[in-house]
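Residues 41 to 292 in my numbering are what the sequence shown spells out, letter by letter. Cβ coordinates follow ideal geometry from the N, Cα and C atoms, glycine included. The structure presented is a predicted model; accordingly, all values stated were derived computationally and were not measured. Data first, discussion second: the structure below is written as structure tokens.
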Amino acid sequence: MGSIEYEKDGAVAVVTLAKPPHNLLDNALLSSLSATYAEAVKDGCRAILLRSAMRHFCAGADLESIASERWTQDDLAKLWQSFEDVPVPVVAAVHGAALGGGFELALMCDMIIAADTASFGMAEASLGLIPLLGGVQRVVERVGVARAKELAMFGRRQDPRALERWGAINLVCPENELPAVSLSWARQLAEGPTVALRAIKTLAKQAARQGIAAADAGQETANAAMWGSQDQARGLKAFVTTGPSSAVFEGN
Numbered sequence: 041m042g043s044i045e046y047e048k049d050g051a052v053a054v055v056t057l058a059k060p061p062h063n064l065l066d067n068a069l070l071s072s073l074s075a076t077y078a079e080a081v082k083d084g085c086r087a088i089l090l091r092s093a094m095r096h097f098c099a100g101a102d103l104e105s106i107a108s109e110r111w112t113q114d115d116l117a118k119l120w121q122s123f124e125d126v127p128v129p130v131v132a133a134v135h136g137a138a139l140g141g142g143f144e145l146a147l148m149c150d151m152i153i154a155a156d157t158a159s160f161g162m163a164e165a166s167l168g169l170i171p172l173l174g175g176v177q178r179v180v181e182r183v184g185v186a187r188a189k190e191l192a193m194f195g196r197r198q199d200p201r202a203l204e205r206w207g208a209i210n211l212v213c214p215e216n217e218l219p220a221v222s223l224s225w226a227r228q229l230a231e232g233p234t235v236a237l238r239a240i241k242t243l244a245k246q247a248a249r250q251g252i253a254a255a256d257a258g259q260e261t262a263n264a265a266m267w268g269s270q271d272q273a274r275g276l277k278a279f280v281t282t283g284p285s286s287a288v289f290e291g292n
């Protein structure tokens, strides 16, 4: 068993963290995950489901690795950019604990679905550290400055229901339903108009990080990509001939 497992479920790339005992992050694991995402896109996958085969989704960073490798900010920035810039939707299925870097890894996904027994937290401050993978700013992006400070400064474990109410995660479901629910979401996204979904992902990121004006400036590029796609033609034709939500998209 490698630290990352990859299999295809139709057009969904099912990517599984499988590094015993708790998927602790180091440079090798993060680099392998980035490479796996790229491989999935190259293979024609239209959505990615990120999950864990271990007891926890990810219990944080490998502290020995941090101390010995001294990750540079440039290295980290390249890694998280590679996760967030994947041109297809990414869904995180979280069970057990998503702590520190594990929480940050989930935040880099487009959508987070959590088991009702899961827990989330940023404990870096208790070690004299700050979240290294951009966790503070990504929580700000989802729930605002005040909640981000609360999460990062106190370092308490958070119940997923609270994070769902805040808007940090998308959905909480019973633990035994997590595999089916998360795969269902990923399959629905993989069946969607991939070019349009990519544009939505880009515009949302631009609006959140650069403001509405920047997203408006990018709208023309997004529109051009959408109008130039074959799925757009399929969608409009199906709407006229067979009704709403009847199109079968092919991802181009």
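In the DSSP annotation of this structure, residue 178 is not part of any beta strand (DSSP E); the continuous alpha helix (DSSP H) holding it starts and ends at 175-183. As for any beta strand (DSSP E) of minimum length 3 sitting wholly inside the segment 49-131, the runs are 52-57, 87-92, ordered along the chain. Exposure of residue 78 is indicated by the presence of fewer than 16 other C-beta atoms within 10 angstroms of its C-beta. For residue 212, the uninterrupted beta strand (DSSP E) run begins and ends at 211-213, by DSSP. For residue 140 and residue 166, the gap between their C-alpha atoms comes out near 11 Å. Annotated as distal: residue 159 and residue 121, with beta-carbon spacing of 8 Å or more.
Inter-segment contact for the segment 86-93 and the segment 44-60 is present: three or more beta-carbon pairs are separated by less than 8 Å. The beta carbon of residue 195 sits closer than 8 Å to the beta carbons of 161, 162, 163, 164, 165, 166 from its chain, once the five residues preceding and following it are set aside; these are given in chain order.
By the beta-carbon neighbour count (other beta carbons within 10 angstroms, threshold 16), residue 235 is buried. Membership of residue 155 in the beta strand (DSSP E) is indicated by the continuous run 151-155.
In this structure, residue 175 lies away from residue 123, with their beta-carbon atoms at least 8 Å apart. Short of 6 Å from the beta carbon of residue 214, and not among the five residues preceding or following it, lie these beta carbons of its own chain, in chain order: 156. Looking at 86, 44, 63, the one whose alpha-carbon comes closest to that of residue 76 is 44.
Residues 239, 242, 243 of the same chain have their beta carbon placed closer than 7 Å to that of residue 262, with the five preceding and five following residues left out of the count. Straight-line spacing of the CA atoms in residue 147 and residue 226 works out to 16 Å.
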